[in-house]
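Presented below is the structure to which this report refers.
2 protein chains.
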Amino acid sequence: MPDSKPPGSPRRSDTTRTAILDAARERFAADGYERATIRAIARDASIDPSMVMRYYGSKEGLFAAAVAVDLKLPDLTALPREEIGRALVTHFLDMWEENEVLTALLRVGVTNEAGAERMQGIFRDQLLPVARTVCPDPEQVPARAALCSTQLLGLALTRYVLRFPPVVTLPREEAVAWLAPTVQRYLTAPHP
Amino acid sequence: MPDSKPPGSPRRSDTTRTAILDAARERFAADGYERATIRAIARDASIDPSMVMRYYGSKEGLFAAAVAVDLKLPDLTALPREEIGRALVTHFLDMWEENEVLTALLRVGVTNEAGAERMQGIFRDQLLPVARTVCPDPEQVPARAALCSTQLLGLALTRYVLRFPPVVTLPREEAVAWLAPTVQRYLTAPHP
DNA sequence: AGCCAATGTCAACGCTTGTTGGCCTACATA
DNA sequence: TATGTAGGCCAACAAGCGTTGACATTGGCT
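As you go down the protein sequences, you meet chains E and B in turn. Here the working numbering is used: the first residue of the first sequence is 1, the next is one more, and so on. Here the working numbering is used: the first residue of the second sequence is 1001, the next is one more, and so on.
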């Protein structure tokens, strides 16, 4: 049996495997699911396309392995209540600029069901619990977290994917200054 | 010369042409650019794929013909100043639910350069002038209009494309109630 | 009726895609 | 040093793609 996986043991092929994942993330982020071909990814990683199949089974499997997102959301309870909006927006900008994985996920999620579900899962499993720690009424938590995601993903969409010039030009600090009160309100303001 | 086009004259093939455009919009909206194949569109329209080529030249040409958006933005100067946020949000929801063309444009724009430029052009040519009529400082108009587009497109993205359950579930009136103040502030509040 | 262009059908082209299996190479272990 | 196995490359497959050109059919015109 090739490729049994005693979970901690390093394999001789690990450099190739991560080269494939890196190339895959880059291509998915730049091109989306369909146009990111296995052949192009393999070319970027300087290996044969069949290696991708050997290590990740299929294109879907490669995508699943390449796009694993940890938003690393900070503990908002340690902050003064009126600063959580600003903290969230800056943190999201950090995450988005740290690497390409979020851009990849967004580009893919728009045309690929599996990608959409994964994006959905990330916001459900990571943003929702954080929202729970700051929202007054537990019943409103999903809606309030969802509202935050509309604004945050809208910024990412126009800034990093569609690249609307005025949004790209907008200095980071100014974007934060404008969006922070919005997110703050979605999380903490009384239901309108 | 086949297909000269005296602009007003109806052609015998007009029913076929609009059938193609309808099917194209539907497929682009559901699948994005790559997965919306000419063959599938032709099948939906019950015609031969070669007719698509005859009438629209290429897939790019078909897309250009199928996705023409008029946001039909209302005259905001006729409104009390504090209601323009709500008016804009409701109008955008109307537009988005009226037909599939905006969803098609968003799905395509995320992975297709031409689509992204078209989306960009729509907001530049249609939203910007409206913003000019309500913004205090002309110099801030592009940034403020862009901020509005981040929130409006973020809502459309999560509600109509990624279909985040809490956003889909959110009653229309509630979405308006939450977003209206945001848009209102982006357009009219003093620079933070 | 007879012509001609517009409309539609059919089959094929060249190309790219994801995916597969066979084969060679190199290393870790015995 | 011998050997088994993981790593890697190559060539090929079937399917699907956008696109093309040759051919049949229709319908409005004189």
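Note that beta-carbon positions come from the ideal geometry of N, C-alpha and C, so glycine has one too. Values in this document were obtained by computation on a predicted structure and should not be read as measured data.
Are residue i and residue j close, meaning C-beta to C-beta below 9 angstroms?
i	j	result
Ala177 (chain E)	Pro1192 (chain B)	yes
Ala1068 (chain B)	Val1110 (chain B)	no
His1091 (chain B)	Leu1071 (chain B)	yes
Leu128 (chain E)	Leu1179 (chain B)	no
Ala116 (chain E)	Leu1162 (chain B)	yes
Ala30 (chain E)	Ala64 (chain E)	no
Val1134 (chain B)	Gly1032 (chain B)	no
Arg1086 (chain B)	Gln1184 (chain B)	yes
Pro1165 (chain B)	Gln126 (chain E)	no
Ala175 (chain E)	Leu93 (chain E)	yes
In three-state DSSP terms, what is residue i?
i	result
Pro171 (chain E)	coil
Glu1026 (chain B)	helix
His91 (chain E)	helix
Glu100 (chain E)	coil
Val1134 (chain B)	helix
Thr1158 (chain B)	helix
Lys72 (chain E)	coil
Ser149 (chain E)	helix
Ser1050 (chain B)	helix
Leu62 (chain E)	helix
Ala1116 (chain B)	helix
Asp3 (chain E)	Legend: pLDDT at Asp3 (chain E) = 42, less than 50; position of this residue unreliable, value from coordinates given subsequently. Here Asp3 (chain E) sits in coil by DSSP.
Phe1164 (chain B)	coil
Gly1057 (chain B)	coil
Arg1012 (chain B)	coil
Looking only at C-alpha atoms, which of the options sits nearest to residue i?
i	options	result
Thr18 (chain E)	E:Arg124, E:Ser149, E:Ile47 and E:Ala36	E:Ile47
Thr103 (chain E)	E:Arg144, E:Arg27 and E:Arg185	E:Arg27
Trp96 (chain E)	E:Glu34, E:Arg81 and E:Gly154	E:Gly154
Pro1171 (chain B)	E:Ala143, E:Leu73, E:Leu170 and E:Pro171	E:Ala143
How many angstroms separate the CA atom of residue i from the CA atom of residue j?
i	j	result
Tyr1160 (chain B)	Phe1123 (chain B)	18 angstroms
Arg1039 (chain B)	Ile1020 (chain B)	11 angstroms
Val1089 (chain B)	Ala1156 (chain B)	11 angstroms
Asp137 (chain E)	Ser1058 (chain B)	54 angstroms
Arg81 (chain E)	Glu1173 (chain B)	28 angstroms
Pro190 (chain E)	Val141 (chain E)	12 angstroms
Arg131 (chain E)	Pro1049 (chain B)	The amino acid occupying residue 131 (chain E) in the given sequence is Ala; Arg does not appear at that position. Going by the C-alpha atoms only, they are around 50 angstroms apart.
Arg1011 (chain B)	Glu1034 (chain B)	30 angstroms
Ser149 (chain E)	Met1051 (chain B)	43 angstroms
Ser1013 (chain B)	Tyr56 (chain E)	49 angstroms
Thr1015 (chain B)	Ala1145 (chain B)	39 angstroms
For residue i, which residues of its own chain have a beta-carbon under 8 angstroms away from its beta-carbon, when the five flanking residues on both sides are left out?
i	result
Val1168 (chain B)	Arg1159
Met53 (chain E)	Ile38
Take residue i and list the residues in its own chain whose beta-carbon comes closer than 6 angstroms to its own, dropping the five residues that flank it on each side.
i	result
Asp1003 (chain B)	Bear in mind that a pLDDT of 43 at Asp1003 (chain B), under 50, signals an unreliable position, so the model cannot answer this.
Ala1036 (chain B)	Arg1027 and Phe1028
Ile1041 (chain B)	Ala1023, Ala1024 and Arg1027
Counting only the same chain and skipping the five closest in sequence on each side, list residues whose C-beta sits under 7 angstroms from that of residue i.
i	result
Ile84 (chain E)	Leu76, Val134, Gln184 and Leu187
Pro74 (chain E)	Ala87 and His91
Pro1233 (chain B)	Outside the shown range of chain B (1001 to 1192) lies residue 1233 (chain B), about which nothing can therefore be said.
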